[in-house]
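Worksheet: the structure to be examined is printed underneath.
Now the structure itself:
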């Protein structure tokens with residue numbers, strides 16, 4: 645099933661009560677189509693959103709630490725308790741060490757959370773796939789927030805990522821992101837072999853978020 | 645007013661539903677005495693705890709970033725929306741850069757959150773005070789979780805911190821922490837000139853958390 | 645004595661044999677005037693430069709760790725042995741934690757190295773001064789490499805930094821940086837109360853580095 | 645050819661003039677046997693050591709940045725200019741992000757330096773191998789500096805690492821480390837399929853470093 649992952653980042657339009665409103669839009673659009681839309685709010689907003697909508701809610705970050713003396717860290721157990729069902733790991737705006745990524749994936753697995761590891765090129769995609777998360781999401785950093793879709797600017801990074809992952813860890817899904825905004829961007833992303841997309845500013849900063857999201861999913865209806 | 649700040653860290657005994665239970669204990673003990681007890685749960689637990697108790701709820705960490713593209717960061721705005729009224733900053737288990745600490749304090753101030761900057765010795769206490777947070781909490785790292793109270797092991801670090809802060813920024817309160825567990829530890833901490841304490845494992849890992857907290861506050865009743 | 649600190653960064657024009665050439669230019673210009681010019685090459689270049697010139701050679705970074713198991717860290721002892729006589733600490737391109745800055749200053753002091761802590765605004769300047777390094781160098785990050793001198797774009801940050809430092813730690817010198825290139829920039833920096841400047845791209849990327857440096861120091865001859 | 649990589653860390657016995665002395669011991673022992681011994685001093689010591697001995701000199705760390713505004717970073721170009729012929733990357737005492745490791749390997753390749761990526765378990769070894777450095781060195785962190793050789797405490801981590809690497813990237817060599825001190829430790833490490841070892845405190849803190857190194861290599865003569 646195609647996965648549409650909407651990263652709320654820390655925009656004003658997706659924080660606090662605005663985050664709940666946006667998650668409800670995701671849920672409505674999701675119920676009108678056969679796509680799975682995942683809301684990815686800030687950690688502090690997870691509990692209230694998970695109580696308000698039925699679509700999956702993921703965290704933007706999780707630390708690979710368990711119970712103990714880890715003040716200020718985000719544990720998989722706390723995310724699970726708040727109602728999350730997965731997490732991004734190693735987003736380009738929150739990079740982690742190699743050992744930390746491995747520990748975060750393991751922590752997600754143990755807590756029953758899905759994991760999406762973000763990467764910046766084909767080589768790091770291959771390395772992330774070797775760690776066997778549920779998904780790898782390749783996003784060229786220079787295209788993030790640019791409005792120029794990766795599927796148009798650098799289609800090869802997607803096809804080569806898909807190829808590399810299938811060879812090393814065929815059970816790992818591949819998403820792509822950076823600059824994805826419109827229905828045709830989503831369509832191309834799937835045509836290039838990915839199983840979904842990672843979105844953010846293109847939807848969140850849109851004048852009419854619902855319309856923008858509807859236009860996006862129209863690309864695959 | 646004396647401040648008792650209970651850092652929940654990421655212990656099993658203070659995560660998810662256990663965090664709510666523990667916050668209620670803090671509230672009960674608090675209402676029986678004239679002390680202000682602050683609950684400091686993980687970020688994902690703030691919303692549910694702030695809805696369940698009337699005592700102040702602080703975050704264990706806050707990033708000095710605002711609205712925008714800051715995936716995986718903890719913004720003051722999201723904490724405020726979830727019901728927090730303050731945050732620890734630069735805890736020894738979650739150290740920050742100097743510029744980040746300054747930005748976190750500014751972010752708290754703008755969002756209407758109280759700030760407590762943790763430090764490890766007299767020199768860093770002096771530097772933190774120069775940034776004018778609401779409180780500085782000095783905690784010798786080697787005593788954290790040791791069960792040996794700072795007020796006994798190194799009383800001078802408390803008196804010298806108080807002195808230094810009063811000279812540089814008289815409006816900044818001084819807390820002390822590390823190894824504080826019993827009523828006499830709290831008593832000594834206040835006698836040395838601090839305005840409160842930072843607690844964690846001594847209470848959270850106690851067989852009977854409520855009894856442990858009651859015994860602690862008995863030191864100043 | 646006015647201090648001209650030339651940060652070599654990692655430019656091609658200031659790495660390896662080019663670094664030695666540039667350090668010799670600094671030495672020549674220095675000997676023609678009464679100013680102290682400090683060369684700040686990459687760590688790997690310190691030994692050869694310290695052997696080639698008589699002006700002070702500083703490191704761009706030092707870690708606050710001592711002898712022991714600290715693979716990949718830059719110790720004050722190794723810098724001293726290589727011929728350095730000081731170090732930048734917490735440059736905006738190599739930020740450190742508050743506790744790390746304090747430890748780096750202490751490590752410099754113990755090894756007999758001078759310390760210059762870089763800061764980004766008046767509040768962090770005040771905090772850094774409280775740690776009592778030899779110098780604080782305030783550099784608004786947005787002006788670094790811009791060619792717009794801090795002394796023109798934001799003179800108040802310099803005067804307020806000088807004031808704040810003199811109140812908290814009168815023995816700490818104040819430098820300013822960011823965008824300093826010409827003689828008049830240096831002149832203004834000193835007029836605003838600073839005791840010297842931190843330079844980089846304005847000199848290093850100049851077509852004729854020697855001429856650029858001569859033009860700069862001409863501002864105070 | 646079997647590779648003996650001696651990490652000098654930042655011990656007093658391997659800093660400055662002591663580092664040159666130790667590198668000469670490595671050279672002498674190396675010339676008496678058919679093994680390749682690599683000296684890995686601190687960055688500030690590379691230039692003088694590379695001028696004093698003929699054995700390979702590696703850095704303990706390299707950043708994946710090139711020419712430009714990267715104050716305080718260690719560039720491959722500066723290491724090359726100082727006489728290094730390779731570098732450790734991501735040592736457990738100097739961990740890097742996934743994207744940084746990939747960039748560091750690329751920087752080494754471009755500068756003509758060999759790369760050894762350190763890892764902490766089989767999963768991260770597999771991920772590191774996918775990035776195709778020259779070597780991966782697996783070191784269980786809990787055994788580093790313990791005196792308990794990985795080849796005895798956890799032989800499976802070595803055999804499984806070798807297997808995993810050979811499947812993903814057969815041209816990548818596998819080293820193992822942590823607790824390696826004696827001739828029999830080296831012998832076992834090679835029997836388990838590794839192509840060499842990473843050493844540190846066992847040799848550096850020995851009363852007689854030369855004797856300790858001779859005893860070690862005797863295991864494979």
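Chains as they are written, first to last, in our numbering: chain A, 645 to 865; chain B, 645 to 865; chain C, 645 to 865; chain D, 645 to 865. From the three backbone atoms N, C-alpha and C, an ideal C-beta is built for every residue, glycine too.
- Query: Can you name, in chain order, every residue of its own chain whose Cβ lies under 7 angstroms from the Cβ of residue 828 (chain A), other than the five neighbours on each side?
  - Reply: Here residue 828 (chain A) corresponds to residue number 184 of the first chain, with the count starting at 1. Only 863 meet the Cβ criterion.
- Task: May I ask which residues mark the beginning and end of the alpha helix (DSSP H) holding residue 828 (chain B)?
- Result: The residue labelled residue 828 (chain B) in the question sits at position 184 within the second chain. Residue 828 (chain B) -> alpha helix (DSSP H) spans 827-835.
- 8 angstroms Cβ cutoff, residue 651 (chain B) in contact with chain A: Start at 1 with the first residue of the second chain, and residue 651 (chain B) comes out as number 7. Answer yes: the Cβ-Cβ gap between residue 651 (chain B) and chain A drops below 8 angstroms somewhere.
- Query: Do you know offhand how far residue 830 (chain C)'s Cα is from residue 679 (chain C)'s?
  - Reply: Here residue 830 (chain C) corresponds to residue number 186 of the third chain, with the count starting at 1. Here residue 679 (chain C) corresponds to residue number 35 of the third chain, with the count starting at 1. For residue 830 (chain C) and residue 679 (chain C), the distance between alpha carbons rounds to 12 angstroms.
- Item | Within chain B, partners of residue 714 (chain A) - CB distance below 7 angstroms | Indexing the first chain from 1 puts residue 714 (chain A) at position 70. Here the neighbours are 653, 654 and 737.
- Query: Assuming residue 803 (chain B) and residue 836 (chain B) make a contact with CB atoms under 8 angstroms, what is their CB distance in whole Å?
  - Reply: If you number the second chain from 1, residue 803 (chain B) lands on position 159. If you number the second chain from 1, residue 836 (chain B) lands on position 192. The pair is a contact, with the Cβ atoms about 5 angstroms apart (cut-off 8 angstroms).
- Query: When the Cα atoms are used, what is the spatial distance from residue 698 (chain B) to residue 729 (chain B)?
  - Reply: In the second chain, the residue the question calls residue 698 (chain B) occupies position 54. In the second chain, the residue the question calls residue 729 (chain B) occupies position 85. Computed Cα separation, rounded: 11 angstroms.
- Item | Partners in chain B for residue 689 (chain A), counting only beta-carbon separations shorter than 9 angstroms | Counting from 1 along the first chain, the entry for residue 689 (chain A) is found at position 45. What residue 689 (chain A) touches in chain B: 691, 722, 725 and 726.
- Item | Residue(s) in a DSSP beta bridge with residue 762 (chain B) | The residue labelled residue 762 (chain B) in the question sits at position 118 within the second chain. Paired residue(s): B:781.
- Would residue 843 (chain D) be called buried (16 or more neighbouring beta carbons within 10 Å of its own) or exposed? Position 199 of the fourth chain, counted from the first residue, corresponds to residue 843 (chain D). Burial call: buried.
- Same chain, Cβ closer than 8 angstroms to residue 832 (chain A), five either side skipped, listed in chain order: As a position in the first chain, residue 832 (chain A) is number 188, starting the count at 1. Once the five neighbours on either side are set aside, the close Cβ partners of residue 832 (chain A) are 793, 795, 796 and 799.
- Message: Any beta carbon from chain D within less than 8 angstroms of residue 790 (chain C)'s own beta carbon?
- Response: For the purposes of this step, residue 790 (chain C) is identified with residue 146 of the third chain, where counting begins at 1. So no, residue 790 (chain C) is outside the interface.
- Message: I'd like the span of the beta strand (DSSP E) that includes residue 647 (chain A), first residue to last.
- Response: The sequence position of residue 647 (chain A) within the first chain is 3, counting from 1. Where residue 647 (chain A) is concerned, the enclosing beta strand (DSSP E) stretches over 647-651.
- Where residue 818 (chain D) and residue 782 (chain D) are concerned, what is the direct C-alpha to C-alpha distance, given to the nearest angstrom? Against the fourth chain, residue 818 (chain D) aligns to sequence position 174. Against the fourth chain, residue 782 (chain D) aligns to sequence position 138. Spanning the two alpha carbons is a distance of roughly 8 angstroms.
- Is there a Cβ from chain B that is less than 8 angstroms from the Cβ of residue 741 (chain C)? Within the third chain, numbered from 1, the residue matching residue 741 (chain C) stands at position 97. By this cut-off, residue 741 (chain C) is an interface position.
- Item | 8 angstroms contact criterion, which residue 649 (chain C) and residue 791 (chain C) should meet: CB distance rounded | Against the third chain, residue 649 (chain C) aligns to sequence position 5. Against the third chain, residue 791 (chain C) aligns to sequence position 147. Actually they are not in contact, since the Cβ atoms of residue 649 (chain C) and residue 791 (chain C) sit about 18 angstroms apart, beyond 8 angstroms.
- Item | Segment contact flag, the region 658-667 of chain C with the region 683-700 of chain C, C-beta cutoff 8 angstroms, min 3 pairs | yes
- Task: Determine the closest residue to residue 695 (chain A) out of A:853, A:845 and A:661, with distance taken between C-alpha atoms.
- Result: Taking the first chain and counting its residues from 1, the one referred to as residue 695 (chain A) is at position 51. Ranking A:853, A:845 and A:661 by Cα distance to residue 695 (chain A) puts A:661 first.
- Cβ-based contacts, 7 angstroms cut-off: residues of the region 744-757 of chain B near chain C: 745 and 746
- Pick from A:826, A:657 and A:718: whose alpha carbon is nearest that of residue 712 (chain B)? Taking the second chain and counting its residues from 1, one reaches residue 712 (chain B) at position 68. Here the closest residue by C-alpha is A:657.
- Message: Can you pull out the residues from the region 805-816 of chain C whose beta carbon lies closer than 7 angstroms to at least one beta carbon of chain B?
- Response: 812
- Query: Taking just the CA atoms, how far does residue 824 (chain D) sit from residue 773 (chain C)?
  - Reply: Translated into positions along the third chain, residue 773 (chain C) becomes position 129. Translated into positions along the fourth chain, residue 824 (chain D) becomes position 180. So the alpha carbons of these two residues sit roughly 45 angstroms apart.
- Message: Please list, in chain order, the chain A residues whose beta carbon lies closer than 9 angstroms to that of residue 660 (chain B).
- Response: Here residue 660 (chain B) is taken as the residue at index 16 of the second chain, counted from 1. Per Cβ cutoff of 9 angstroms: 721, 722, 724, 725 and 726.
- Task: Compute the beta-carbon to beta-carbon distance between residue 761 (chain C) and residue 775 (chain C), rounded to the nearest angstrom, for a pair I have assumed lies under 8 angstroms.
- Result: Taking the third chain and counting its residues from 1, the one referred to as residue 761 (chain C) is at position 117. Taking the third chain and counting its residues from 1, the one referred to as residue 775 (chain C) is at position 131. About 7 angstroms; that satisfies the 8 angstroms criterion.
- Quick one: which residues of the region 770-795 of chain A get their C-beta closer than 9 angstroms to a C-beta of chain D? List them in chain order. 770, 771, 772, 773, 774, 775, 776 and 785
- Message: My output table needs one value for residue 733 (chain C): the three-state DSSP class, helix, strand or coil.
- Response: For the purposes of this step, residue 733 (chain C) is taken as the residue at position 89 of the third chain. In this structure, residue 733 (chain C) counts as strand in the three-state DSSP scheme.
- Query: residue 749 (chain C) to residue 742 (chain C), Cα distance in whole Å?
  - Reply: For this step, residue 749 (chain C) is matched to residue 105 along the third chain. For this step, residue 742 (chain C) is matched to residue 98 along the third chain. When rounded, the distance between both Cα atoms is 11 angstroms.
- Secondary structure at residue 864 (chain D), three-state DSSP: helix, strand or coil? Residue 864 (chain D) sits at position 220 when you count from the first residue of the fourth chain. Residue 864 (chain D): helix per DSSP, three-state reduction.
- Task: List the residues of chain B whose Cβ lies closer than 7 angstroms to the Cβ of residue 626 (chain C), in chain order.
- Result: Past the boundaries of the shown model lies residue 626 (chain C); chain C is included only from 645 to 865, so the question cannot be answered.
- For chain C, is any of its Cβ atoms less than 8 angstroms away from the one on residue 709 (chain D)? On the fourth chain, position 65 is the one that residue 709 (chain D) refers to. Chain C contact via Cβ: present.
- Message: At the level of alpha carbons, what is the spacing between residue 820 (chain C) and residue 764 (chain C)?
- Response: As a working mapping, residue 820 (chain C) is identified with position 176 in the third chain. As a working mapping, residue 764 (chain C) is identified with position 120 in the third chain. Each residue's Cα considered, the two are about 10 angstroms apart.
- Task: Tell me whether residue 816 (chain D) sits in a helix, a strand or coil according to DSSP, three-state version.
- Result: Here residue 816 (chain D) refers to the residue found at position 172 of the fourth chain. Residue state, collapsed to three classes: coil.
- Message: Just verifying my parser: in three-state terms, what is the DSSP assignment at residue 684 (chain A)?
- Response: Here residue 684 (chain A) refers to the residue found at position 40 when the first chain is read from its first residue. Note: residue 684 (chain A) maps to strand in three-state DSSP.
- Task: Work out the CA separation of residue 726 (chain B) and residue 674 (chain B) for me, nearest whole Å.
- Result: As a first step, residue 674 (chain B) must be located in the second chain, where it is residue number 30. As a first step, residue 726 (chain B) must be located in the second chain, where it is residue number 82. Roughly 22 angstroms between the two C-alpha positions.
- Message: Looking at chain C, is there any beta carbon in it that lies within less than 8 angstroms of the beta carbon of residue 853 (chain D)?
- Response: Taking the fourth chain and counting its residues from 1, the one referred to as residue 853 (chain D) is at position 209. Cβ-Cβ to chain C under 8 angstroms: no for residue 853 (chain D).
- Task: Measure from the C-beta of residue 718 (chain D) to each C-beta in chain C and report whether the shortest distance is under 8 angstroms.
- Result: Taking the fourth chain and counting its residues from 1, the one referred to as residue 718 (chain D) is at position 74. Closer than 8 angstroms: yes.
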